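Under this note's numbering, read the sequence shown as residues 492 to 1049, first letter to last. Down below is the structure, laid out as structure tokens.
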Amino acid sequence: MTAIRLNIMLFSHICSDTHITGAEKLLLFCATELRGSHNCTLVVPNEGLLAAEARARGISTIVVPYPNFYEVYSPGPYFRQELEGFIRNNGDAVQSLLTLLLEQRPDMVIVNTCVNLMPAWVSRSLGIPVGWMMTEQIQSTSYTSSSTEIISAYSDWIIGISHAALQPFRGTPGEGKIRIMYPSWNEAELEREMWPVYRSEKRALIGWNDAHRVIGYVSSDIYPNKGLEHFIQMAIELGVTYPNLRFMVAGKLTDVGYYAKCLEQIRLSGLLGRFYFHPFEMQIQQIYPAMDILVIPSLIEEGFGMTALEGLIFGKMVVTYSSGGLGEIMTLTGNRSYLVEKGDVRGLIDTVGSLLTKGDFVQSWGVRNSIAVEKAFGIDSYRGRLGDWLQEVALTLPVLGPRPLPQEALLQKPPLLLKGAAPAVYLVENGCRYLFSEESVFLGRGFRFHEVLALDDGYLGRIPMGGVLGTGQPALPAQSSRRHGRRAKAGSRRRRGRGRTLKAWKGKSQKLSARKKRSAPAKGKRLSSKAVRRKGSRAAGSRRNTGYSGRRKIKKSG
């Protein structure tokens, strides 16, 4: 890695108190690798297992509530309006992140998942370089470009954990920012020498022995798109033919209704006694050794597929649907023959069934898989890619700090508008604050007073001045007419010089706090029903931020 010791802040999208998702695992792994050569701080939106695990590893951890913007994952026609509403309704979280970042002043920020927009937006506005990790593939809609444009605007690097995760950015203006960073693992944590013991102990606990062939299903969150129902359909048909088959299902039951439906199918088949349901397990070495074949029938375009990677590491025969990054993993490890078309239950049954007739082949191929996965995704490969990227970061940091406001800035993203105790209002972008010379300049660019956030003067003063808007320096584009449904005639309404002074703002500025209070959501209220529906099980354990105020709730440990 680079000889320069960087101060790096990593922001997790969630921190569940019941389980850890693949995206959380990857961020924790990245922080663990970085901390040997750099000063790392993990930031989480609430307490949970990720925070506890990070502290146990000696990683400094801070809790600052902030929400996710789920519309990035599945963008629709009202994306821009939803984004502006998201920023407007979560002013307290923005203020808290501003306070944190101005206090800590990291050299770089890393955010994970496409929905973790707020830390990226605030960091980028302050001129802090942002590496945005894409751990999922943004859904393909007519409005996908809205998501890719916003991510590109708020990042300096777009770090994909697979080519599948980066696919939406191909052929876009952000393509030059993309980098590939396949996940890896820490061999020392897996206790390889204990696998035979864990295998026999787990099987004995369940009532199984070595004569049984165990087919496993693992998912951190169990909900419809993870394909448990397809696994059960496969298990029922094969179970009737092969009496020695047993089935292990491991994970958190996120969608209880869906789980009940699946369980009823098993009951009706008469095979319930041959299934074992295991809760989410942090120590994966406790469950994988007990399996012979791992089946991953995911129905979504996976950003990578950590479960498949884990199965290969543990030397298992792995069969998956060809869903996003799963196809990459299987192809790069020589398992293309065990890829099944997404949603093809019959193909799943036939592929797994064929393996049950091949005697010792499953075990020998599993041994071969453990070698192949090390070659493709081992720690040396990961550290090489990480080191190359950090070297690039170190070389470009001097030119990625506060810099002139680009002409396209206001057309690409919502503004960060701040004021202190005085009525003066500033636009913050690329690490600088730009003073509006008068009200007409502010309004002429399509801004409104309810968009302005108040910040303590001590923190506001830490943001360098970048110029005065309305004096011809810098020349900024008017806001798009789409923002407020009318054309912003900035040029015709701008006054030269100071003209009518900022004293004219005072009345409106004094009303700002009252307006914000009236428009803020009640404490505990969710952002919107639409966002909640999209949130689904992917955000289990996450916390919406409402009614939160400033520095008092920033908690740090490490």
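Virtual Cβ for every residue (Gly too), placed ideally from N, Cα, C. Every value quoted in this text rests on a predicted model; they were computed, and no experiment measured them.
query: Between the stretch 798 to 810 and the stretch 844 to 859, can you find at least three pairs of beta-carbon atoms closer than 8 Å?; result: yes
query: In the DSSP assignment, find the unbroken alpha helix (DSSP H) run with Cys521 in it and report its ends.; result: 513 to 525
query: Closest to Gly957 by CA distance: which of Leu951, Val916, Gly922 is it?; result: Gly922
query: Are three or more beta carbon pairs between the stretch 703 to 719 and the stretch 774 to 791 nearer than 8 Å?; result: yes
query: Assess, as a yes-or-no matter, whether the stretch 526 to 546 is touched by the stretch 613 to 627 under the definition of 3 or more beta carbon pairs within less than 8 Å.; result: no
query: Can you give me the Cβ contacts of Thr639 inside the same chain, cut-off strictly under 8 Å, excluding the 5 residues immediately before and after it?; result: Ile629, Pro659, Phe660, Thr663, Gly665
query: Spatial neighbours of Arg737 within its chain, please: C-beta separation below 6 Å, excluding the five flanking residues on both sides.; result: Trp699, His703, Val705, Arg765
query: For Leu944, write down the residues that DSSP places opposite it in a beta bridge.; result: Leu909
query: Go through its chain and collect everything with a Cβ distance to Ile495's Cβ below 6 Å, but skip five positions before and after it.; result: Ala885
query: With distances taken Cα to Cα, identify the nearest neighbour of Tyr779 among Gly794, Tyr750, Thr822, Leu800.; result: Leu800
query: Does the count of Cβ pairs from the stretch 747 to 762 and the stretch 673 to 689 closer than 8 Å reach three?; result: no
query: Would you mind giving the Cβ-Cβ distance between Ile840 and Glu728, rounded to the nearest angstrom? I have them listed as a contact below 8 Å.; result: 5 Å
query: Please report the straight-line C-alpha distance between Trp612 and Gly802, rounded to a whole angstrom.; result: 36 Å
query: How long is the line joining the alpha carbons of Asp598 and Gly667, rounded to whole angstroms?; result: 21 Å
query: Quick one: which unbroken alpha helix (DSSP H) runs of 4-plus residues sit fully inside the stretch 800 to 852? Chain order, please.; result: 816 to 823, 836 to 846
query: According to the neighbour-count rule (16 or more other Cβ atoms, all chains shown, within 10 Å of its Cβ), is Asn826 buried or exposed?; result: buried
query: Could you tell me which of Glu832, Glu544, Met609, Asn735 sits nearest to Tyr561, measuring between CA atoms?; result: Met609
query: Quick test of your reading: Leu588 and Val555, contact by CB under 8 Å. State the CB separation rounded to the nearest angstrom.; result: 6 Å
query: Determine whether the beta carbon atoms of Gly834 and Ala655 lie at a separation below 8 Å.; result: no
query: Would you give the residue range spanned by the beta strand (DSSP E) that Ser653 belongs to?; result: Looking at the DSSP string, Ser653 is not in any beta strand (DSSP E), and its letter there is neither H nor E.
query: Do Ser711 and Ile505 count as a contact pair if the criterion is CB distance below 8 Å?; result: no
query: In or out: Ser637 buried (at least 16 other Cβ within 10 Å) or exposed?; result: buried
query: For the beta strand (DSSP E) containing Val535, list its first residue and its last residue.; result: 530 to 535
query: With DSSP run on the structure shown, which of helix, strand or coil describes Ala915?; result: coil
query: Helix, strand or coil for Leu926? Go by DSSP, reduced to three states.; result: strand
query: Hey, out of Ser614, Glu524, Ser565, whose CA is closest to Ile550's CA?; result: Glu524
query: How about Val831 and Thr842: do their beta carbons lie closer than 8 Å?; result: yes
query: Let me know the secondary structure DSSP gives Phe502 once reduced to three states.; result: strand
query: State yes or no: is the C-beta of Val836 within less than 8 Å of the C-beta of Met725?; result: yes
query: Exposed or buried, Ala1030, counting other C-beta atoms within 10 Å across all chains shown (16 or more means buried)?; result: Because the pLDDT of Ala1030 is 39, which lies under 50, any placement of that residue in the model is unreliable, and the question is left without a value.
query: By Cβ distance, which residues of its chain are closer than 7 Å to Leu763, with the 5 residues on each side in sequence left out?; result: Ile757
query: Going by Cα to Cα distance, which pick from Ile820, Glu515, Arg874 is closest to Ser861?; result: Ile820
query: I believe Asn530 touches Val606 by the beta-carbon criterion, under 8 Å. Please report the beta-carbon distance rounded to the nearest angstrom.; result: Rounded, the Cβ-Cβ distance is 27 Å, inconsistent with contact.
query: Flag this pair as yes or no: are the beta carbons of Phe722 and Gly742 separated by less than 8 Å?; result: no
query: Measuring alpha carbon to alpha carbon, tell me which of Glu929, Glu793, Pro914 ends up nearest Ser631.; result: Glu793
query: For the alpha helix (DSSP H) holding Ile641, just list the boundary residues, first then last.; result: 635 to 644
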